[in-house]
Every structure is written in structure tokens, then in C-alpha cells.
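*Asks:* Line order of the protein sequences matches chains E and Y. For the first sequence, position 141 (counting from the first letter as 1) is numbered 134 according to the numbering used here, and the numbering increases by one without interruption. Count along the second sequence from 1, then add 71; that gives the number in the numbering used here. For every residue, glycine included, the Cβ atom is placed at its ideal position computed from N, Cα and C. Quantities reported herein were computed from a predicted structural model and do not represent experimental measurements.
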Amino acid sequence: MEELPYRTILCDVLVVGAGGAGCRAAIEATKYNLDVIMLSKELLGKAHTAMAEGGYNVSLGNVDPDDNPETHFKDTIVGGNYLNDQALAEILVRDASERVFDLEEMGAVFDRTPEGKIAQRPFGKQSWRRTAYASDRTGSEIMVTLVEAVRKSAVRVYDEIFATKLLLHDGRIAGVTAIDLKYGDYMIFRAKAVVMATGGAGRVYTVTSNAQLDVGDGYAMAYEAGCDLIDMEMVQFHPTGMVKPESARGRLVTEAVRGEGGILLNSEGERFMHRYYPGVMELAGRDQVARSIMTEVREGRGSPDGGVYLSISHLPRSIIEFRLESMIEQFEDAGVDIRDEPMQVSPTCHHFMGGIKIDEEAGTNIPGLFAAGECTGGVHGGNRLGGNALADTQVFGALSGESAAKFAKEHEMTGLPKEKAMKEFLKLEAMLKREKGISPADARKELTDLMWTKVQIFRKEEEMAFAVKELRRIENEVVPKIKVDVAEKRFNPGWHQAIEFGHMVTTARMVAEAALIRKGSRGAHYRVDADPEDDGYYNIVVRKGANGDMELTKQELIITKITPP
Amino acid sequence: MAETIKTSVQRYNPDNDDAPYLQDFEVEYEVGMTVLDALLYVQDKFDSSLAFRWECRGGQCGSCAVKVNGTARIACRTKVDPEESLVLEPLDKMPIIKDLVVDMAQTEYRIRRIRPYVARDKKPERPEIIHAEEIEKVREIRKCIECAACLSNCPIVHETWEYPGPMIIRQIARLELDPRDVEDRVGMAIDESVYSCTTCKMCTDICPKKIDVPALAVELLRAKAVEAGYPLAEGQQGFIDQINATGRAVPEKDAPLLKALETEEFTVENSRGRVGFFTGCLIDYRMQNTGKALIEVLNRNGVDVIVPKEQWCCASPAFRTGDLHTAHAAVERVTEIFENAMDKHGFDTVVVACAGCGKTLREDHRPVITEKRGEPPKFKVHDLAEYMLDVIGKENLVLPKGEIKLKITYHEPCHLGRGQGVVDQPVELLKMIPGVEYIEDPYRNRCCGAGGGVRAGKRELSQKIATTKREYIEATGASMITTECPFCTIQISDILEGSEIETRYIPDLLAESYRKGDK
């Protein structure tokens, strides 16, 4: 086999991803006297977590004293349409409070109650005011805090490193292959244990609130390595994304706007939520609000730009300025003063509920491989509650770091699967050398438009079947022909996009294939042609079969406390 | 055909190219387009290997800072102006990796040097009780997204990494304000050259979160340092002692303007307005002719000028260096003097011709008085150029007729442009003078290095900044540089000593043209 030059770097625990979950995992793992490396695809601190706005769910009861983890659990399961892995949801609600105190200990500055405790605001589908926050820049506050903590720790941060493939040796995790985005070098990171914290994949849809890096690297890498993935069909469309200008389309408009009292209006000035969910109105589940908005638009009661109106102008200006400062700034850029005028909003692809299947130690089905945060599935079931994702990053970030550290303590380094690594490098090299082929920009557009039009909020058998067929074709015919314009390795976004494209297609296929076999409506998966016989109380697990085909199996729900109705 | 914008992007791959070069692209303009959109357009349509960083496209992550037409800003929140072509370059100070991507390693080292986290001496209780008031000030300066644009624009960082730059000095202040942090951040700030900042406000101006670093971090840390007993530099303390003793920041030399003037009232027939003239220390003690020129220019435009005989320093040097005791005493005195003069002479507007005084009266005095008595000083404050164009109005101005045939450029004082929002008016005045060929300096708003107590306290650094400024000025090819601040005038004429370029104060030049026109 042809050889390409590469560098190999050793560590005890390798964390892939440097957002909320990755940083938290790395910080935890260093507590075990281990050498920890955290790979960041972006510069430290620029991960998507920084874009989370509204808050962190934790049943502290600081505002509503009757709140407790039990209620948080119940809200999470009901909100998740009973599809959650209840064992994981129990961990979420159990540890959320200690992890928020960890953040404070590290230096986080959350907004306060008059007694000096962490303030909490109402969020959708929650029984109490539970969402801790720092204005509407809670994710940024958490990210900044974690960066401060990482800078205090002995974690070795390798920034702008793009992990492309998980390496296994004798069935155990051995490390990852990667490229150095800055200089283009091939690298192997070998570790005794690996934590995947690679975030989501909103970017497989045309309209998304997600950062550019959220292309599903982790889902695809885990799939290729043989991990089980769960609930991949469950994609959350956040009901309120920006509509215009075009370049801001899909940008998140935090649920905190509705939490603080914002109301949704159609073009006739009607507060339409009373026709859909009169009990909870704007604070219905995200899937429910998104569908209500789209129904208004489809039935001709939308705004001229294809959204509806979200108004907060009836609130005192001081409240808006203190609690929704980013929203003021964000809409100012679009020429709208939200203190006086309504915002135009429509749904945007926001979060993947599904992902790598983990156990109660955050372990995957591959020994030594752990996972945390949005790249995992099971915690949120069929619909994630606003505010549960930030809690997820901290709870499972810390847990995965601890588990990986313990595993690393108990195991020696594996051997080096050098051939597999070299095969990966040759594949990446071929994209650069290919003389004829398809540009990543064109390929990406075809893919994201396909997903946005065919595997979206309202799903239909023919459309999904078409998408699946197309995705298989893209996988077989387009992915192998991806070609980079300029054959340079040094910081070449064209090359990065070409590599990412393969990950996007694999991820999109898992979503579409799983969606196609779920015949009924459940959670975020809403079918206009739902089979009434299919109550949907099961999970779909995706894995790569022995023959290389995608295998999908239905599994029984994991229930510890609450049985579906 | 759709409108297109000429977009020149700096390209450089050190593996292949000798040096950076600009490459031009035609970008289709769309309403609301940002610089990031333009870059993505180029990447998608022309060259996918064009290297730049971005992630969130919403001003939350701070990845995409680049130099846009000479000034560093985050690309995703900078609108493209359809009337103007775009030049996009990588941030200054940081080595280039490729195209617009720079190496942030140095910055990261520089951040780590300040132990940038809450240091504690004991584990906190859970829950930890922290009251909203305790963190109110932290909250504001905590919004930083570390885009590093301010580091690229900072005139001090441009000369030396001894000073950590706005982004990092802000983090020291954030930790000083955090009740949980136990480190001596004030001592650290001294060690980190907090007295190097000229308070030019370039950082605030381009900050995507509009963090007022000079006020909320630099001056705050300096005030805490003074409170903790750290001595000011000799030159700085000299100013302060002088203010406390005489009400003037500098010692008397020639006959002061206020003593030389025979009257307080300079009135005209059928006046269109009446203003009080706040001379400031330098016009009174060093630039008496400029003071007379200002009175003349206003009189010629039909405005009565009242010059109260008793005046007091605005205490800018004290505000800038952290001696709040001196500063607040001066605020009360100045307010009293001018409020009394208002009543006595019947005016409601005070005109200044010193950028530093104007900024201090507006930004620093008002909050102090408001906090003390619930309402700000009763008089309005205007810079001379601003008063002439915005209050008198261009159409009502008496045009100067004497020809001054010169190539003239303009230095925008930091505390006039960014300090008071007076940007175009002084240039408008210059352009009214017959014969003047105005030459725009793309770096006209860069600091001259005099402010913030730096000229007084750190002469060597101040000279370095001024030398860079001299390069910008010389590049214009102008034979005269004009400005609207005595402190800048002194600094710039010092640094231009031995060159052919003359330094003038705008009121002087205007008065000269009026007088020539009389003949």
C-alpha cells in the first residue's frame, strides 16, 4: 500500500469535540491524573454551545419551591413523547443541579433571584419555572466558563483538528485519524479511551440554527465504526428561527422570548396558538409550536416572507433589555426593534434528539468509546425540552469524562491499526488529487435541499421514500466523486467541506431511512399520512451491518418509571 | 444585471507565495448582505480554497474577525455598503496561516498569562449565594466573545505585547469585579501595563458587544490601583497636583488667555445664539491664539461668546489615570461655575475646542452629577465644529473667503470622533476654506499616542505610537495636518518635528482664512 506521511500523538483520554460536553468531559478526565487531549474542530470557545440562548434546566426550585427532579423527569419524558431512555433521563435530572453548581464554582455568572440564588424562567412544556439563565446568552456564558476552566486545567487543547475516522483495534477503540486544518497534515491520535462530543448535524438541512461545523461528523464516524445509533429520525425543528434577511435565515430566536411572555400572531393579528394548544399556548412543545406555525403559513395566514409574527413589545422595555439583550442586537442587524415591532419567525432545524446510543456510564457498544451531548441519543426521546440540552452537555459531559478516565486507568494502550489509518488518509488524499468530479458546494446544496423539502416537519411516505432513494444514489455516485478545486492541504475549506460531505450524507441517510420505517406520528416525527395502528412506542436503532448495509431495528423502549399511556 | 461589489481579498499561502497579494472578485450584492456573506459567495462561486474562519454567523462565537477596509471587525455583523468596494485582509499582529486565517497561538499564550479564571481559596457552599448587585458590573464586560478584533486595532498592542490589549485587560477587570475571585487582580493589572492604554476607544467602537473597555476595565482598574495606593507615574502625578493646586493641569507660562481677555462677553449685533466657552487648560495656558480664534470664528458667525473668567480643569487627566477624588471634586466645581455663568449670562450651551475636555464633560461629568443629585448638568456641550454645522447649520455659516492653497489632511482625535461622535463636521469646515485640497487619510482616526496619561506617564511608548501615526500622516502626501484637540496638536507637531508637514488647529486655520478674506 502507498504510504503518506503522518504524525502520531499519544494520550490517555482523547476527547473529540470542544463544545459544552467535550470541555466538561476533558475537565473531568484530568482529575484522574491522566494525560487528556481535547480535539477542537474550531478555535477553543467557538463551538456551537456558545450559540445556545435560553437556558439550562435544573429543578433547583429557587423560584417555584415545589419543583424537584421527579417533576423534571416527568416533564422530560412526557415532552419526549415517552421515547426517552428513562435510565438516561433519570441521570439528567439527578445530576443537573450538581453540574450547574460546578459551573458556578468555575466562575459562571447566572442571573439571580432576590435571595441571591440562581434565577429560573419558564420554558415550554415544563411544570415549573426551571430554566436557569444568563440573560439570553446562557450558552455563551457556559462556554466562556468552560474555556476559563480548560485554561486552568492541564487539558492539552489541539484546536482546528478535524477527526475523520474512529480507529479500532481488536474491537476496542484505539484512537482517531485526523487532519490538521491549519497545515493539512495527517495525524493519528491514539488513546486508551475516547469520548465523542461532536455535537449535532443541523447543517444537513438548508435552514438551520446550527453553526457551520454541525455537519454530523460524530454520527457518521460512530456509524462507520460500528456503533449503535438511536432515534435518528427525531430531528427538532425549533419553531422560531429568523426569516429575513436571507443570510440570517434560520438563526435562532430563543424560546426565552415566549418564556418571558412573547406571543405568536398570524397575518390577521390572531393569537393562533389558542386554536391548537389553548392550555399552554406559546409554551407548547417545540414540535407542536413548529407544526402550528407551519399550518398557519400553509393555510395562507403567514407573513409576506413566509413566517408568522412573534411579538414581545407589550412587555416593559427594561425587561426586554435585561433578559433578551442578544435578541435586540440580532434583530437590530435586520432593522427591527423588537421593543416596538414584532419579529418574523418560522421553524428552523435545531437539534438532533437521536444519536450514538449510550449506557448509564455514557459508554457505547464499542469498548473504550464513550459519548456525550448532542451526538448521543436517548436522553431526549422524540422531542427535547428547551433548556435540557445545556444540562445534557454538563451532566453527560462530566459522566463520560469520568467513565473514560476510569476505563483508561484500567487498560493499556491498544495496538495501532496502521493500515486502516493509511486507507483513510489515502481516501482523503484522493479528494485532492481527483481531476474530475463534483464540487462540495454543489453537492451540499443538493443534499440540504433534499432533506429540507422531503424529510422535514410534515413527513410523507412518497417524499421520504424518494429521499432515501436519492440519498443512496448520492452516497454511491456523488460521495466517491467529490473533488476539491485546489489541491492544497494548507487551510483549504474546499477540502474540509469535501470530507464533511461524506459525513453529512451518512447522517442524512440515517435520518431518512429511520423516518421511512416509522409509519406513525410520534414526537418530532410527524406524518401527514400516519398509520393509526402504529402508536410509535419503540425506538429505532441504526447500525452498519456486517455486509456494509445500513441495518435498522425496532427496539422496546427503556422504561424505568413511567409507562406510556 | 444584479449590482456587484468589487471585493479585494488578501491571499497568501506561505507554502507557495513570496508575499501576500490582493485578489479581486465581483460579488453580487443583496440587501442586508454582510461581509461574511460576501466571503462565502467568493468561496462558493470562485474559489473554495479561500481560507477564512466562521462558525455561527450571528455574532455569538467570535470566529470571523477580519480587517474590513483597514479596520478589524467581525465579518458576520458587518454590513456591506453597496456604494463602496471592499478590501478584506487578515487581522494585524497575528502571523498569517493562510489568506484571512491567522495564528491565534500568541493570543492564547497571552490570555493564559493572566490566570484567566476565577481563583478561589475555598470550595463554595452549594448553593452559593451571590446577589445581583455583586455581579451587575461583571455581567456587562462578560459579553466578550474573544473575536480578537480589538487586539488587531489596538494602537498599544500594535507596538508591544507588554500590554495585553482590550480583550485581555477586560478579563482582568472581569475577575477583579467578581466577588468570588481571590487573586490580586489590581497588582496583576499594574504588572500587565494597565497604564499603557491611551483610552482611544477603538476597541469599543468595533466591539461586536459594544463593551466600553477603557471605562469599564482600564479606568476601573486604574481607579482601584490608586485606591490601593499604587503611585501614578511622575508625569501623571504632576498633572494631578497641578489641578488640585491651581485648577489647571499645566503650570502657567505666557499670559493665560483668561487673564489676558479684558471682558467675559464677546457679543455681536443681532446675534443668532449665545454660548459659553470652556477653554480647557491648554488653550488657556498654552494656545491663547487658538482661544481667540475660536471667539472670532463664532462672532463672525453671529454667535455671542461668553468666557467665564474663573474656570477649572475638567480633570480629564484624573479620570484617565484613576484619581477619582481629584476628578469628582473638579466635576462639581466645573458644573457650578458653568451653571452660575448660564444664569448670569443667559446661555444654555457650552462650546469646547478640546476633544479631551468635550469627551470628559459629556461622558464622565454627566454620570457623576446625575448620580449625586438625580439630574445631569443643566448645560449642553458641543464641540466647535459640531456646533457650527449642527446647531448654526451649514446654510447659515459665513463662509471664509481667504484662500489657503494647501493639501490638508485631518487627524480625528479619539475623544472627538469616538468620544463624542463628531466625525464629519471638522472635515466639512476644512472643505469650506477656499484653496484647500482635502486629502483623506484612511487611518485618520488612529490614536496619536498622547491620551490616557500615556504621554505623561510612558513617554517611550507614546513616542512609538506617534511614530506609527507619523507614517500614516506622511503617506497621505499632505503638507498640513489639522486637528481639533490641543493635546493631539502638541503630540503630532512634536513627532513631525523636522518634517515639512505643518500641524494646525482648525479654529486657527479658519480664523486665518476669514482674516485673509477681509483684505
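1. For F94/E versus P198/Y, is the C-beta spacing smaller than 8 Å?
2. How would you call R268/E, buried or exposed, if buried means at least 16 neighbouring beta carbons within 10 angstroms?
3. Please return the same chain residues whose Cβ sits closer than 7 Å to the Cβ of L248/Y, not counting the five positions on each side in sequence.
4. Would DSSP call L222/Y helix, strand or coil?
5. Return the bridge partner residues of L477/Y from the DSSP annotation.
6. Quick one: residues in its chain with C-beta nearer than 6 Å to the C-beta of E456/E, no 5 flanking neighbours on either side, listed in chain order?
7. Do you know offhand how far E314/E's Cα is from S306/E's?
8. Between which residues of its own chain and Y301/Y is the CB-CB distance below 7 Å, once the five residues before and five after are set aside?
9. Please look up how many angstroms separate the CB atoms of P335/E and S285/E, rounded, as I've assumed it's under 8 Å.
10. For the stretch 350 to 362 of chain Y and the stretch 324 to 337 of chain Y, state whether three or more C-beta atom pairs, one from each stretch, are separated by less than 8 Å.
11. Keeping to the same chain, check which residues put their C-beta closer than 7 Å to that of T191/E; ignore five residues upstream and five downstream.
12. Please give me, in chain order, every unbroken run of the alpha helix (DSSP H) with length at least 4 that falls completely inside the stretch 106 to 155 of chain E.
13. So if I threshold CB-CB distances at 7 Å, which residues from the stretch 105 to 119 of chain Y count as touching chain E?
14. Any residues in the stretch 257 to 270 of chain E with a beta carbon nearer than 8 Å to a beta carbon of chain Y? Which ones, in chain order?
15. Going along chain E in order, which residues have a C-beta closer than 8 Å to the C-beta of K472/Y?
16. Between which two residues does the beta strand (DSSP E) carrying Q337/E extend?
17. Considering only residues of the stretch 46 to 111 of chain E, which uninterrupted alpha helix (DSSP H) runs meet the minimum length of 4 residues and lie entirely inside it, listed in chain order?
18. Looking at chain Y, is there any beta carbon in it that lies within less than 8 Å of the beta carbon of D326/E?
19. Scan the stretch 238 to 250 of chain E for residues whose Cβ lies nearer than 7 Å to a Cβ of chain Y and list them as they occur along the chain.
20. Grab me the residues of Q307/Y's own chain with a C-beta within less than 6 Å of its C-beta, minus the 5 sequence neighbours each way, in chain order.
21. Can you tell me whether DSSP reads M189/E as helix, strand or coil?
22. What does DSSP give as the partner residue(s) for V374/Y in the beta ladder?
23. Applying the 10 Å Cβ sphere with the 16-neighbour rule, what's the burial state of K502/Y?
24. Would S514/E and K476/E qualify as a contact pair, given that the criterion is a beta-carbon distance under 8 Å?
25. Going along chain Y in order, which residues have a C-beta closer than 7 Å to the C-beta of S339/E?
26. Just to check, is the beta-carbon of G513/E closer than 7 Å to a non-hydrogen atom of the ligand ATP?
27. May I ask which residues mark the beginning and end of the alpha helix (DSSP H) holding R210/Y?
28. If you measure from the beta carbon of E481/E to each beta carbon in chain Y, is any gap under 8 Å?
29. For a contact defined as C-beta to C-beta under 7 Å, what are the partners of S342/Y on chain E?
30. Under the assumption that T450/E contacts M274/E (Cβ atoms under 8 Å), give the Cβ distance between them as a whole number of angstroms.
31. Compare the C-beta of M72/Y with all C-beta atoms of chain E and state if any pair is closer than 8 Å.
32. G38/E touches chain Y at which residues, Cβ-Cβ below 7 Å?
33. In the DSSP assignment, what residue or residues form a beta bridge with R452/E?
34. Between the Cα of T407/E and the Cα atoms of R244/E, Q79/E, L160/E and N77/E, which residue gives the shortest distance?
35. With C-beta atoms as the reference, is L162/Y less than 8 Å away from S223/Y?
36. Would the stretch 377 to 393 of chain Y and the stretch 441 to 458 of chain Y be scored as touching if the rule is three or more Cβ pairs under 8 Å?
*Replies:* Straight from the coordinates:
1. Residue numbering aside, residue 94/E sits at position 101 when the first sequence is read from its first letter. Residue numbering aside, residue 198/Y sits at position 127 when the second sequence is read from its first letter. Contact: yes.
2. Position 275 of the first sequence, counted from the start, is the residue given in the question as residue 268/E. Exposed, by the Cβ-count rule.
3. For this step, residue 248/Y is matched to residue 177 along the second sequence. Excluding residues within five positions, the ones whose Cβ falls inside 7 Å are K208 and V209.
4. Translated into positions along the second sequence, residue 222/Y becomes position 151. Correct three-state label for L222/Y: helix.
5. Your numbering for residue 477/Y matches position 406 in the second sequence. Answer is V507/Y.
6. Working through the first sequence from its first residue, we reach residue 456/E at position 463. Cβ neighbours of E456/E beyond the five flanking positions: K447.
7. Within the first sequence, numbered from 1, the residue matching residue 314/E stands at position 321. Within the first sequence, numbered from 1, the residue matching residue 306/E stands at position 313. In a straight line, the C-alpha of E314/E is about 11 Å away from that of S306/E.
8. To locate residue 301/Y, count along the second sequence from 1; it is residue 230. Result list for Y301/Y: I261, in chain order.
9. Working through the first sequence from its first residue, we reach residue 335/E at position 342. Working through the first sequence from its first residue, we reach residue 285/E at position 292. Not really, about 17 Å apart at Cβ, beyond 8 Å.
10. Yes, they touch.
11. The count along the first sequence starts at 1 and reaches residue 191/E at position 198. The residues are V9, G10, D210, G211 and C368.
12. 131 to 145
13. T105, D108, Q114, D115, D118 and S119
14. none
15. Locating residue 472/Y in the second sequence gives position 401, counting from the first residue. Result: empty, since nearest Cβ-Cβ is about 44 Å, beyond 8 Å.
16. Counted from its first residue, the first sequence places residue 337/E at position 344. That run of the beta strand (DSSP E) goes M336 to F345.
17. 62 to 72 and 79 to 99
18. As a working note, residue 326/E is residue 333 in the first sequence. So, interface residue.
19. P238, E239, S240 and R244
20. Position 236 of the second sequence, counted from the first residue, corresponds to residue 307/Y. Same-chain partners within the cutoff: T392, G524, A527 and G528.
21. In the first sequence, counting from the first residue as 1, residue 189/E sits at position 196. Correct three-state label for M189/E: strand.
22. Reading the second sequence from its first residue, position 303 is the one you call residue 374/Y. Bridge partners of V374/Y: G344/Y.
23. Numbered from its first residue, the second sequence carries residue 502/Y at position 431. By the neighbour-count rule (16 or more Cβ atoms within 10 Å), K502/Y is not buried but exposed.
24. Here residue 514/E corresponds to residue number 521 of the first sequence, with the count starting at 1. Here residue 476/E corresponds to residue number 483 of the first sequence, with the count starting at 1. Result no, Cβ atoms of S514/E and K476/E do not sit closer than 8 Å.
25. The residue given as residue 339/E occupies position 346 in the first sequence. Residues of chain Y passing the Cβ test: none, with the nearest at roughly 17 Å.
26. Ligands in the displayed structure: none, and consequently the ligand ATP is not present.
27. By one-based count along the second sequence, residue 210/Y stands at place 139. Note, R210/Y: alpha helix (DSSP H), A203 to I212.
28. Reading the first sequence from its first residue, position 488 is the one you call residue 481/E. At least one chain Y Cβ lies under 8 Å of E481/E.
29. Your numbering for residue 342/Y matches position 271 in the second sequence. Going along chain E, no residue has its Cβ under 7 Å from S342/Y, so there is no contact; the nearest lies around 40 Å.
30. For the purposes of this step, residue 450/E is identified with residue 457 of the first sequence, where counting begins at 1. For the purposes of this step, residue 274/E is identified with residue 281 of the first sequence, where counting begins at 1. In the sequence under discussion, the amino acid at residue 450/E is Ile, which differs from the Thr named in the question. Not quite, the Cβ-Cβ distance comes to about 20 Å (not below 8 Å), so this is no contact.
31. By one-based count along the second sequence, residue 72/Y stands at place 1. Residue confidence for M72/Y is low, a pLDDT of 49 falling below 50, so the modelled location carries little weight; the figure read from the coordinates is stated next. So no, M72/Y is outside the interface.
32. Sequence index remark: in the first sequence, residue 38/E carries index 45 (1-based). The answer, in chain order, is E217.
33. Looking up residue 452/E in the first sequence gives position 459. According to DSSP, which records beta bridges pairwise, R452/E is partnered with R520/E.
34. Here residue 407/E refers to the residue found at position 414 when the first sequence is read from its first residue. Considering only alpha carbons, the answer is L160/E.
35. By 1-based counting over the second sequence, the position of residue 162/Y is 91. By 1-based counting over the second sequence, the position of residue 223/Y is 152. Yes, they are a contact pair.
36. No contact exists between the stretch 377 to 393 of chain Y and the stretch 441 to 458 of chain Y.
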